[in-house]
Amino acid sequence: MASVRGGRRGRGRRLNNEINVVPYIDVMLVLLVIFMVTAPMITPGLIELPTVGQASKIEVQPVEVQLDRDGAISVRVREAGAEFQPVDSANLVAELQSMTTPETPVVIAADGRVPYETVMKVMDELRGSGITRLGLLVDQNPEAASEAGTQDAAGNAGAASSQTAPQAGKPAGQR
Numbered sequence: 001m002a003s004v005r006g007g008r009r010g011r012g013r014r015l016n017n018e019i020n021v022v023p024y025i026d027v028m029l030v031l032l033v034i035f036m037v038t039a040p041m042i043t044p045g046l047i048e049l050p051t052v053g054q055a056s057k058i059e060v061q062p063v064e065v066q067l068d069r070d071g072a073i074s075v076r077v078r079e080a081g082a083e084f085q086p087v088d089s090a091n092l093v094a095e096l097q098s099m100t101t102p103e104t105p106v107v108i109a110a111d112g113r114v115p116y117e118t119v120m121k122v123m124d125e126l127r128g129s130g131i132t133r134l135g136l137l138v139d140q141n142p143e144a145a146s147e148a149g150t151q152d153a154a155g156n157a158g159a160a161s162s163q164t165a166p167q168a169g170k171p172a173g174q175r
């Protein structure tokens with residue numbers, strides 16, 4: 001009989017090592033109901049955001065780097081009457097650093113016939129020199145660009161020397 005008693009003690013109450021999550025689920029469901037009931041009652045606060053007309057405008061003239069189809073590079077600050085100054089490709093970074101601060105936008109206006117690798121090389125050089133605001137100048141009037149490459153009946157290049165892209169005035173990445 002001693003063995004029966006000993007066996008009974010072993011079958012006694014065991015510790016439950018699992019966490020009972022039912023009370024936590026009950027609390028979460030009650031909180032969910034409370035939030036669902038109170039959410040429609042809360043009125044959103046009014047925030048007055050400035051409109052475009054109210055924002056302070058700081059006019060920073062971008063520096064324009066022009067890449068010609070024959071490989072010539074010229075630079076100018078886009079001001080009224082500013083002329084392009086020819087720059088050697090080796091001195092481009094030094095010239096731009098003397099003309100700009102890191103916050104000054106620099107736009108690249110490349111001729112359509114310039115290889116894209118050349119444009120990317122110039123962009124990489126400028127980014128490596130610390131110029132952070134860099135963009136591409138695009139022609140917003142594609143018909144004028146197609147007419148610029150045509151010749152008239154006399155064989156003269158009609159508008160090939162005039163550039164319509166600088167009139168667009170905005171870098172591609174900053175609209």
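1 is the number of the first residue of the sequence shown in the UniProt record's numbering; add one for each residue after it.
C-beta atoms are modelled at their ideal positions from N, C-alpha and C, and glycine is treated no differently.
In the DSSP assignment, what are the bridge partners of residue i?
{"i": "Val-107", "result": "Glu-64, Gly-135"}
{"i": "Val-77", "result": "Val-63"}
{"i": "Val-87", "result": "Ile-73"}
Pick out whichever of the options has its Cα sitting closest to the Cα of residue i.
{"i": "Arg-133", "options": "Arg-14, Gln-97, Val-114", "result": "Gln-97"}
{"i": "Arg-121", "options": "Ser-89, Val-138, Leu-137", "result": "The question names Arg, yet the displayed sequence has Lys at residue 121. Ranking the options by Cα distance to Lys-121, first place goes to Ser-89."}
{"i": "Tyr-116", "options": "Gly-71, Arg-78, Tyr-24", "result": "Gly-71"}
{"i": "Leu-136", "options": "Gln-66, Ile-34, Ala-94, Val-21", "result": "Gln-66"}
Between residue i and residue j, which are expected to be in contact by the criterion C-beta below 8 Å, what is the C-beta distance as a whole number of angstroms?
{"i": "Val-106", "j": "Leu-126", "result": "6 Å"}
{"i": "Thr-104", "j": "Val-63", "result": "6 Å"}
{"i": "Ile-73", "j": "Leu-49", "result": "Wrong, their Cβ atoms sit about 42 Å apart, outside the cutoff."}
{"i": "Gln-85", "j": "Arg-78", "result": "Incorrect: roughly 13 Å between the Cβ atoms, too far for contact."}
Near residue i, which residues of its chain fall below 6 Å by C-beta distance, leaving aside the five closest residues on each side in sequence?
{"i": "Asp-111", "result": "Asp-68, Arg-69"}
{"i": "Thr-43", "result": "none"}
When the Cα atoms are used, what is the spatial distance from residue i to residue j?
{"i": "residue 183", "j": "Glu-83", "result": "Since the first and last residues shown for the chain are 1 and 175, residue 183 lies out of range."}
{"i": "Ile-19", "j": "Asp-26", "result": "14 Å"}
{"i": "Asn-16", "j": "Met-36", "result": "36 Å"}
{"i": "Leu-31", "j": "Ile-47", "result": "29 Å"}
{"i": "Val-138", "j": "Met-28", "result": "56 Å"}
{"i": "Arg-13", "j": "Tyr-24", "result": "25 Å"}
{"i": "Ala-94", "j": "Gly-45", "result": "51 Å"}
Can you give me the Cβ contacts of residue i inside the same chain, cut-off strictly under 8 Å, excluding the 5 residues immediately before and after it?
{"i": "Val-60", "result": "Glu-103, Thr-104, Pro-105"}
{"i": "Thr-100", "result": "Val-63, Val-106, Ile-131"}
{"i": "Thr-118", "result": "Leu-67, Gly-71, Ala-110"}
Mind checking whether the beta-carbon of residue i lies closer than 6 Å to any heavy atom of the ligand SAH?
{"i": "Asn-17", "result": "As for the ligand SAH, it is missing from this structure, which has no ligand bound."}
For residue i, which residues in the same chain have their Cβ closer than 7 Å to its Cβ, ignoring the five residues on either side in sequence?
{"i": "Met-123", "result": "Ile-108, Leu-134"}
{"i": "Arg-113", "result": "Arg-69"}
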